[in-house]
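Enquirer: According to my numbering, the sequence shown is numbered sequentially starting from 435.
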Amino acid sequence: MLFFLYFMWFVFNGSITVEIAVIGAVVCLFLYAFICRFLGYSPKKDIFAMGLILKCLKYLAILFISIVKSNMDVIKIILSPHEKSPSILVSFKSEVKDFNKRCILANSITITPGTFTVNMKGRDFTVHCLTEDFDKEIINSKFEKELKKMEEKR
435 MLFFLYFMWF
445 VFNGSITVEI
455 AVIGAVVCLF
465 LYAFICRFLG
475 YSPKKDIFAM
485 GLILKCLKYL
495 AILFISIVKS
505 NMDVIKIILS
515 PHEKSPSILV
525 SFKSEVKDFN
535 KRCILANSIT
545 ITPGTFTVNM
555 KGRDFTVHCL
565 TEDFDKEIIN
575 SKFEKELKKM
585 EEKR
């Protein structure tokens, strides 16, 4: 919250000088103290939010790397005329309990090239994989492990 207040101070001022930075720091500290004291806000919420932001950034980095790797694998499949392996449907039960996180998992699987979430009922997933190699990455995937870590820390 404090960093957000300080950022908004600069946005509303429109320029960055030493005087504006110092005055903004003092004003934002007093405003933050007021919010904590009289509005029931806690610095623990800021610490929790920063941790959650870092976990989300880590998840997005893992997702981006997985998308790039899967793109390369799909390109290899497309450009190799002789190697044709059948596509398969994979069913698995996720360890993620929260519905919203399971939706994130399903969408992460779908956004990754070569895989598509066909069905999600409760904790049971059915995923279409372009080849048998893709199913190894789906079951116990990095996505699921990171979402499980986020769930445990709450």
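Just so it is clear, CB atoms sit at the ideal spot from N, CA and C, and this is done for glycine as well.
From what residue to what residue does the alpha helix (DSSP H) around Asn541 run?
Expert: Start and end: Phe533 to Ile545.
Enquirer: Are Pro523 and Gly548 touching if we call contact CB-CB under 7 angstroms?
Expert: The identity of residue 523 in the sequence shown is Leu, whereas the question assumes Pro. Against a cut-off of 7 angstroms, the Cβ pair of Gly548 and Leu523 comes out as no contact.
Enquirer: What does the Cβ neighbour count give for Pro467, buried or exposed, with the cut at 16 atoms within 10 Å?
Expert: This sequence places Ala at residue 467; Pro is not what is there. By the 10 Å Cβ count, Ala467 comes out exposed.
Enquirer: If we count Cβ pairs, one from each stretch, closer than 8 angstroms, do we get three or more for the stretch 569 to 584 versus the stretch 540 to 558?
Expert: These segments touch.
Enquirer: Determine the burial state of Ala495: buried for a count of at least 16 other Cβ atoms within 10 Å of its Cβ, exposed for fewer.
Expert: With fewer than 16 Cβ atoms within 10 Å of its Cβ, Ala495 is classed as exposed.
Enquirer: Met435 and Asp480 - do their beta-carbons sit closer together than 7 angstroms?
Expert: A contact, by the Cβ cut-off of 7 angstroms.
Enquirer: Can you tell me which of the three DSSP states Val524 falls into?
Expert: Strand at Val524.
Enquirer: In terms of residues, what are the limits of the alpha helix (DSSP H) holding Lys518?
Expert: Careful: Lys518 lies outside any alpha helix (DSSP H) and carries neither H nor E.
Enquirer: Val445 lies in the alpha helix (DSSP H); which residues open and close that run?
Expert: Unbroken alpha helix (DSSP H) run through Val445: Leu436 to Asn447.
Enquirer: For Glu586, count the other beta carbons within 10 Å of its own beta carbon; 16 or more makes it buried, fewer makes it exposed. Which is it?
Expert: Glu586 is exposed by the Cβ-count criterion.
Enquirer: Does DSSP put Asn574 in a helix, in a strand, or in coil?
Expert: In this structure, Asn574 counts as coil in the three-state DSSP scheme.
Enquirer: Would you call Phe559 buried or exposed, if buried means 16 or more other Cβ atoms sit within 10 Å of its Cβ?
Expert: Looking at its Cβ environment, which holds 16 or more other Cβ atoms inside 10 Å, Phe559 is buried.
Enquirer: Measuring CB to CB, does Glu529 end up less than 7 angstroms from Lys582?
Expert: Yes, the pair counts as a contact, with Cβ atoms nearer than the cut-off.
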